[in-house]
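Each step along the sequence shown adds one to the number in our numbering, with nothing skipped, and position 91 is 127. In this text, a Cβ means the ideal position worked out from N, Cα and C, and glycines have one as well. What follows is a short report on a single structure.
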Amino acid sequence: MQDGKQHLYVSVTHNLIEQTKNESTPFEVIVDDGQLATLQDLMKMLEKGDDYSLQRAPVPYKSADHDEGNERFTDGVTMLYTFLYDHGTPETRQAIDDMNVLPKLQNTDYNDPGYEDSPMNK
């Protein structure tokens with residue numbers, strides 16, 4: 037622990053924050069107690085987005101392209117990966133860069149041909 041900060045290992049897929057690295061926790065972050073609370077809140081928000089999407093999933097014939105739950109989930113994923121990038125080790129930053137997940141989540145393809153007259157399915 038340095039300057040009140042601790043090394044923690046995070047799995048977005050499994051919604052885990054661990055003190056020891058394992059195969060399920062690919063991202064290492066260095067955080068203080070306040071930053072840890074923020075990380076936990078971001079992960080809880082993402083979990084709630086999963087719950088909403090699960091409730092909405094059985095609705096037939098509704099496009100998820102502009103669905104409120106889908107947008108909240110995407111925003112949550114972006115915020116979480118941005119946090120991991122900002123507080124991560126160089127290896128964590130490189131892994132997120134290699135995934136190319138941040139630009140992908142922030143740059144949707146709604147401006148591509150075919151979307152200009154689509155309804156906003158909300």
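(request) Just the C-alpha distance for Ala73 and Met135, rounded to the nearest angstrom, thanks. (result) The residue given as residue 73 occupies position 37 in the sequence shown. The residue given as residue 135 occupies position 99 in the sequence shown. If you take the alpha carbons of Ala73 and Met135, they lie about 25 Å apart.
(request) Go ahead and label His123 buried or exposed: buried means 16 or more other beta carbons lie within 10 angstroms of its beta carbon, across all protein chains shown. (result) The residue you call residue 123 lines up with position 87 of the sequence shown. Burial call: buried.
(request) Taking Glu64 and Tyr45 to be in contact with their CB atoms under 8 Å, please state how far apart those CB atoms are, rounded to whole angstroms. (result) In the sequence shown, residue 64 corresponds to position 28, counting from 1. In the sequence shown, residue 45 corresponds to position 9, counting from 1. At roughly 6 Å, the Cβ-Cβ gap stays under 8 Å, so Glu64 and Tyr45 are in contact.
(request) Return the chain-ordered list of same chain residues with a C-beta closer than 7 Å to the C-beta of Lys41, the five sequence neighbours on each side being excluded. (result) Looking up residue 41 in the sequence shown gives position 5. Ile66, Val67 and Asp68.
(message) What does the Cβ neighbour count give for Thr128, buried or exposed, with the cut at 16 atoms within 10 Å?
(response) By 1-based counting over the sequence shown, the position of residue 128 is 92. Burial call: buried.
(message) So, with DSSP's three-state summary, where would you put Val48?
(response) The residue given as residue 48 occupies position 12 in the sequence shown. Coil.
(request) Please classify Gln42: does DSSP put it in a helix, a strand, or coil? (result) As a position in the sequence shown, residue 42 is number 6, starting the count at 1. Looking at Gln42 - three-state DSSP - the assignment turns out to be strand.
(message) Looking at the strands, I want to know which residues DSSP matches up with Val65.
(response) By one-based count along the sequence shown, residue 65 stands at place 29. The partner list for Val65 (beta bridge, DSSP) reads Leu44 and Gly124.
(request) Please determine, among Ala131, Leu78 and Thr125, the residue with the shortest C-alpha to C-alpha distance to Val113. (result) One-based indexing of the sequence shown puts residue 113 at position 77. Closest option to Val113, Cα to Cα, is Leu78.
(request) Could you check if Thr56 is buried or exposed, using at least 16 other CB atoms within 10 Å of its CB as the buried criterion? (result) As a position in the sequence shown, residue 56 is number 20, starting the count at 1. Under this definition Thr56 is an exposed residue.
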